[in-house]
Each structure stands twice: as C-alpha cells, then as structure tokens.
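Some notes on the structure that comes next.
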Amino acid sequence: MPRVEVAVRVDALTYSYPGHAPALHDISVKVMRGEMFGIIGPNGAGKSTLCKALNGLVPHFYGGTYGGTVTVAGMDTMKHSVAELSLKVGFVFQEPTNQFSGVSARVDEEVAFGMSMTGFPREEMLKRIEDSLRQVGLEGLEERSPFELSGGQQQRLAIATVLAVKPEVIVMDEPTAQLDPVGKTEVLETMRALNKEGYTIIVAEHEIEELATFADRIVALNEGRIISEGSARGVLTQIEQLKRMGVDPPSVTELSHLLAEELGLKPHQYPITLDEAIVLYRDLLEGGHS
Amino acid sequence: MSLIGVQDVWYTYDNRFMALSGVSLGIEAKETIALIGQNGGGKTTLAKQFNGLLKPTKGRVLVKGIDTRKVPANKLALTVGYVFQNPSHQIFSSKVWDEVSFGPKNAGLKPDEVDERTRWAISAVGLSGFEQTHPYDLDYGKMKLLTIASIMSLKPEVYCLDEPTTGQDHQGRRRVAELIRELNDAGSAVIVITHDMRFVAEVAKRIVLVAGGRIVADGQTREIFEKTDILARAQIRSPQITQLAHALADHGVPPNLLTIKELADCLASIIRVEKERGSRHA
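What follows is the structure, encoded as structure tokens:
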C-alpha cells in the first residue's frame, strides 16, 4: 500500500495573496514519509509561500485566491484549521524569536507552551519536554531564558517546541538564514539527526552546499513555478538552469561542469558534495600518474 | 598615513564586557577587507570604531589623521559610511528617493548636487524605477541595496558593510560584489563584515580575523585561507573550492586557490599535461 507512505501531496496548487499576481503556479509535488525534501530558488520564487501552504497558513491566515489541493498527513488543508493542522505539521520560521510565545521566562516553559493547547496530562508533558530538548541538544538549559540563548540555540528551541507535539511532518522556512556559521551548523546537524530518526522534513534553504549533503529530493522554484524536481543530484547538476534562475550550485559541481569536456563527465557524474569531489579528483589525478 | 589607523584600541561596554583588547590595524584607500569571525568575537565593535559610532576606552582611532574622539560622529559619517546589517535599523523615509537624498541634503549640498548624487546612487545599486516606492515594499535584498545607496550618496572614502549578502540570492550577491568593485575602482576602501566565505574569496583581497576581542590573523585572503589551524580555532570554514584544493595538494594543486575558475584552470592544465605524457608514451 504505497499510499500510506506519502506524507505530503500538493496537487495543481495555484495561489495568489490578496490583490497580487499568483505567487504559486500549478505546483504539484509529493513528499514521501521519512524524506528530507529541499525547496530552493531565488528570493521571491515562492519557497516561503509553498511552506505556508503546507500548514494551512496559506490560505487560512493570508486569504487570497486558492486552487488545487494540499494533503498533509492525510488531512486536506482546506478542510482543517491551522490549529488542527499544527498537531500534524510542525512549522519552524526563519526568525526563531518570532516563534516564541514571549511569555515564557524559561526554555522548558516555552516548550510546554506549545503543548498547552493540546491538553496532555502533566506527566506526559514533562516527558515530552525532556525528550524534545534532548533531541535538539538543549538538555541542561531548561531554566535559561529563551532570549539569553545564542541564535543557533534559539532556533533549536523553536524546533523543540515543534517536536514536543510529535508532528508527522516538519516544515522549515529558511531556518538558518539569520544564523552565524556556528548556529547554522548546529541547526543543520539537528535537522540531519531528526531525519535519521525518521522525521519527514521539508526545508526551504539557501545553503545549497549544505543541502546537497543531506537532501533526498529537491524542488527548484522560480517565479512561482517548478523549474525542476527530482533527486538532489538530478536538480543540482543542472548548472546552467540553476544559474539562469539565480541560484548558486555547489562550487564543486560548478567546477566539474567547467571541466566536463576535458574530463568526459556527464552531469549525473558531477559531484555535489566536497567529499564526492575529493574522491573523484583524487582518482582522476592518481589515474593520470599510473 | 593610513586612511584609518587603529592604534592599540581597547573597548569595554557599559556592562563591563571587554569587547576589544589591544587591537591595531591600518586601512588604506582602495582596499577591500573582509572582517570575519564568530558572533561575539568583536567584529562589529571594531567596525563601529572606524566611524566613531563607538569610541575607544583606551588607545585611539585616527580617520585621515584625526582622532575620532575629537570629532562628532555625524562629521565622521561623511568620510566613513556604515551600512547596518538590519535595513530596518537604517531606513526611515517613506520613499526610496527621499531615503537616498537625505544624507547629501542634510550635509548641506546644493539641490542640483543632491539630485545628481541621488540619481547616481539609485542607479548604481540597480533600483532605478523604484524611486517613488516605499522602502518596506521592496524585498529584503533590494532593501539592503537601498541602505548601501543611501550611504553612497554621501560619497564616503570608506564603506563599512555589515553582512551585505545575508538574505541575498545569487543575483543580489553578484550585484553587491560588482558594487564593491566599482567603489574600489572609484578610490574608496570597502570593509565587509561577513560570514559568507565564498563571497570573501570572490571579493576581498585582505582578511582581518577577529576572535576573543583580538585580531588573530590579518593578511592576504589567499594566505589566510591557507592557515587551516587558525581558521579551525576560530570555527571558520574556508570556501568549498579552497578545501578541495587543500585536499588535492598532494597531487600538485596549489592549496591557496580561491575561485572555481582558478581551480578549473589548474586541474585542466594538470590533466592536459598528463594526457600529453600518456600519448607520448603510447
């Protein structure tokens, strides 16, 4: 029964914010359970709008004109409220402090706040606070103020508040865009670990070189339309297409494209990560010596 | 005499946090310097010394030979322009044109000159056609370009750009890189505070690495990216291309290559030589 394995199905989604031209145009994508799915594209491509369509903020909160269907964890987003959807779809914003309730003086209270609407018994809440803080590596910081944390810690706290609800899908809208390199690494490692635990993660991300190391599949958007979709390698090796739409491919992939003729490489053989590139070029240079 | 001279500067915030401890450096005309290091290390505190936004607790900063403690910050702003990381900390007009013309108007320039500079700066950052737009109706990348234009209209001799590529896509980054080159060519020094090492490799000729309130490395971009131990201690990862060049150093690749083009040319020539050797043997 392959149907149960589909976590997210977007079917012919066209959407316009009130009084604007369509932000999304005939978008159809499918995300399988347990996948790490990347959304890439230049600013204004519709990445954030697509993320918000997955937890119902589009159209329930923003209004506008909407066509097509979005099904997440078996729920049609048009037929369920944002509150209902939030139990199945965790959403992490770009700016972690936008997500905080602002009323919690402590890290553990902040995690509890997200669950307080769900009516869990106290014992269960305590267990979930402990579990979710451990999953993001914030154990030991329970009593700190959320606003005293570093950027990377704040974003991990935002992820913990989402995890406590035990969602089936986690959607992240450029979660590392505002962080320094240490913070970026912390959040990316957390995402990687959660995906390994089996979480389905959908992430809009500018850090293409990082995304290349762990995304299973990627969709590239430009001006609200799908430009390409498929395996990370399939999408990231289309160098000219990415550059035309204003996205930098991984440096090592672009390098291999420049050398393709010289080396007789086909796009599907281009490395997309540093490790792959090291292996490929070492082999080539050693081969030459023999 | 340096355009900016920082002489053994110490800086302690009101809460007694010592953000700079004995920092010295000189900045010359036409330089492009990347100021790098983790948050909390002192980069921004140092950059704010350049135009008198902060004044040293001990030591001194000379801008064209004048001690920043002896001139008000608004005077210094005509020589050293500072573009903040967060555009909303800087933008206060309701039209792009007004935002860019504010500086020269405020500096008392003649209306013709104000108009000319405003038009020039708006066009240089690629915002022609948006003159009457409300700054907050621009997307984030364009808003950041607007904040650069509003400093350009003052024609300062030194620009400090705080995280100019954050939130920019490929095209926005390229635009900022071109702009920096143009400002350099016109004689200005540009200091870029950034975490974006690919961008550093593309635009900056010199790196100043700040950590723990001190300068831990200062030199040519190529040299600094070779110092993997110092970078690792400061938790900085050099660009992917430089890392690959490093990994291939045993195979005759110079470990200090910075750009995709440099490494591609180098690999192509190694491979060509190998091929020729191969065909001669055959």
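These protein sequence lines are chains A and B, in that order.
For what it's worth, the working numbering labels the leading residue of the first sequence as 1099, then goes sequentially.
For what it's worth, the working numbering labels the leading residue of the second sequence as 139, then goes sequentially.
All C-beta atoms in this analysis are idealised placements derived from N, C-alpha and C, irrespective of residue type, glycine included.
Note that the structure is predicted; figures quoted are calculated from it, not measured.
Per DSSP, what kind of secondary structure is G1328/A in: helix, strand or coil?
Residue mapping note: residue 1328/A aligns to position 230 of the first sequence, counting from 1. Three-state DSSP puts G1328/A in a strand.
Can you tell me which residues form a DSSP beta bridge with F1135/A?
One-based indexing of the first sequence puts residue 1135/A at position 37. According to DSSP, which records beta bridges pairwise, F1135/A is partnered with I1300/A and R1315/A.
Which listed residue (F1159/A, L1122/A, P1365/A and E1352/A) has its alpha carbon closest to that of K399/B
Against the second sequence, residue 399/B aligns to sequence position 261. Out of F1159/A, L1122/A, P1365/A and E1352/A, E1352/A has the C-alpha closest to the C-alpha of K399/B.
Quick one: is K280/B buried, meaning 16 or more other Cβ sit within 10 Å of its Cβ, or exposed?
Translated into positions along the second sequence, residue 280/B becomes position 142. K280/B should be labelled buried.
Does DSSP put T206/B in a helix, a strand or coil?
Translated into the one-based positions of the second sequence, residue 206/B becomes position 68. Here T206/B sits in helix by DSSP.
Could you give the residue range of the beta strand (DSSP E) that holds R352/B?
For the purposes of this step, residue 352/B is taken as the residue at position 214 of the second sequence. R352 to Q358 is the extent of the beta strand (DSSP E) around R352/B.
Rounded to whole angstroms, what's the CA-CA distance from L158/B to V1280/A? Just pull it up for me.
Numbered from 1 along the second sequence, position 20 holds the residue referred to as residue 158/B. Numbered from 1 along the first sequence, position 182 holds the residue referred to as residue 1280/A. Approximately 21 Å between the Cα atoms of the pair.
Short CB-CB distance (under 9 Å) between K1341/A and chain B:
Here residue 1341/A corresponds to residue number 243 of the first sequence, with the count starting at 1. Judged by the 9 Å Cβ criterion, K1341/A is in contact with chain B.
Please report the straight-line C-alpha distance between L1357/A and D403/B, rounded to a whole angstrom.
As a working note, residue 1357/A is residue 259 in the first sequence. As a working note, residue 403/B is residue 265 in the second sequence. When rounded, the distance between both Cα atoms is 9 Å.
Should G1144/A and V1267/A be called a contact, given that it needs their Cβ atoms to be closer than 9 Å?
Reading the first sequence from its first residue, position 46 is the one you call residue 1144/A. Reading the first sequence from its first residue, position 169 is the one you call residue 1267/A. Not a contact, by the Cβ cut-off of 9 Å.
Where do the N-terminal and C-terminal ends of the beta strand (DSSP E) with M335/B fall, by residue?
For the purposes of this step, residue 335/B is taken as the residue at position 197 of the second sequence. M335/B -> not in any beta strand (DSSP E); alpha helix (DSSP H) instead, spanning M335 to V341.
Can you tell me which of G1217/A, L1122/A and N1293/A puts its alpha carbon nearest to the alpha carbon of N1320/A?
Within the first sequence, numbered from 1, the residue matching residue 1320/A stands at position 222. It is L1122/A whose Cα lies nearest to the Cα of N1320/A.
Output the distance between the C-alpha atoms of R1290/A and N177/B, rounded to the nearest integer angstrom.
Translated into positions along the first sequence, residue 1290/A becomes position 192. Translated into positions along the second sequence, residue 177/B becomes position 39. R1290/A and N177/B: Cα-Cα distance of roughly 24 Å.
Helix, strand or coil: which one does DSSP assign to K1177/A?
Locating residue 1177/A in the first sequence gives position 79, where the first residue counts as 1. DSSP places K1177/A in helix when its eight states are reduced to three.
Contact list for D1346/A against chain B, beta-carbon separation under 9 Å
As a first step, residue 1346/A must be located in the first sequence, where it is residue number 248. The contacting residues are D307, H308, R311 and R336.
Going along the chain, which unbroken runs of the beta strand (DSSP E) with 3 or more residues stay wholly within the stretch 159-195 of chain B?
170-174
With which residues is Q1253/A paired in a DSSP beta bridge?
Against the first sequence, residue 1253/A aligns to sequence position 155. Note: Q1253/A sits in no beta bridge, so no partner.
For S407/B, does the count of other Cβ atoms within 10 angstroms reach 16, so buried, or fall short, so exposed?
In the second sequence, the residue the question calls residue 407/B occupies position 269. Counting Cβ neighbours within 10 Å, S407/B comes out exposed, since fewer than 16 surround it.
Any chain A beta carbon closer than 9 Å to G279/B
Here the question's residue 279/B lines up with position 141 in the second sequence. Output row for G279/B: interface = yes.
Would you mind working out which of F222/B, E169/B, F268/B and C298/B sits nearest A342/B, comparing C-alpha positions?
The residue labelled residue 342/B in the question sits at position 204 within the second sequence. Cα-wise, what sits closest to A342/B is E169/B.
Run through chain B and tell me which residues come within less than 8 Å of P1279/A, C-beta to C-beta.
As a working mapping, residue 1279/A is identified with position 181 in the first sequence. Within 8 Å Cβ-Cβ: Q176, H333, Q373, I374 and R375.
Looking only at its own chain, which residues have a Cβ that is under 6 Å from the Cβ of N1293/A, when we skip the five neighbours before and after it?
As a position in the first sequence, residue 1293/A is number 195, starting the count at 1. So the qualifying residues of the chain are M1134 and I1299.
Buried versus exposed, by CB contacts within 10 Å (16 or more), D152/B
As a first step, residue 152/B is located in the second sequence; it is residue number 14 there, counting from the start. Answer is exposed; the Cβ neighbour count stays below 16.
Any C-beta of chain B under 9 Å from that of Y1379/A:
For this step, residue 1379/A is matched to residue 281 along the first sequence. For Y1379/A, the answer is yes, since a Cβ of chain B falls inside 9 Å of its Cβ.
H1366/A: buried (16+ other C-beta within 10 angstroms of its C-beta) or exposed?
On the first sequence, residue 1366/A is found 268 positions in, with the first residue counted as 1. Flag for H1366/A reads exposed.
Answer yes or no: do L292/B and L265/B have a C-beta to C-beta separation smaller than 9 Å?
Within the second sequence, the letter at position 154 stands for residue 292/B. Within the second sequence, the letter at position 127 stands for residue 265/B. The answer is no: Cβ separation not under 9 Å.
Closer than 8 Å is the cut-off here; do at least three beta carbon pairs connect the stretch 364-372 of chain B with the stretch 184-197 of chain B?
no
Could you name the residues of chain A that L173/B contacts, counting a contact when the two beta carbons are closer than 8 Å?
The sequence position of residue 173/B within the second sequence is 35, counting from 1. None at all; the shortest Cβ gap to chain A is about 13 Å.
Note down, in chain order, each residue of its chain lying with its Cβ closer than 6 Å to the Cβ of Q223/B, except the 5 sequence neighbours on either side.
For the purposes of this step, residue 223/B is taken as the residue at position 85 of the second sequence. So the list reads D300 and E301, once near-sequence residues are dropped.
Extent of the continuous beta strand (DSSP E) run through T1283/A
Residue mapping note: residue 1283/A aligns to position 185 of the first sequence, counting from 1. Run containing T1283/A: none in the beta strand (DSSP E); it sits in the alpha helix (DSSP H), P1279 to K1294.
For a quick check, are the C-beta atoms of A1375/A and S1354/A less than 9 Å apart?
Mapped onto the first sequence, residue 1375/A falls at position 277. Mapped onto the first sequence, residue 1354/A falls at position 256. Contact flag set, yes.
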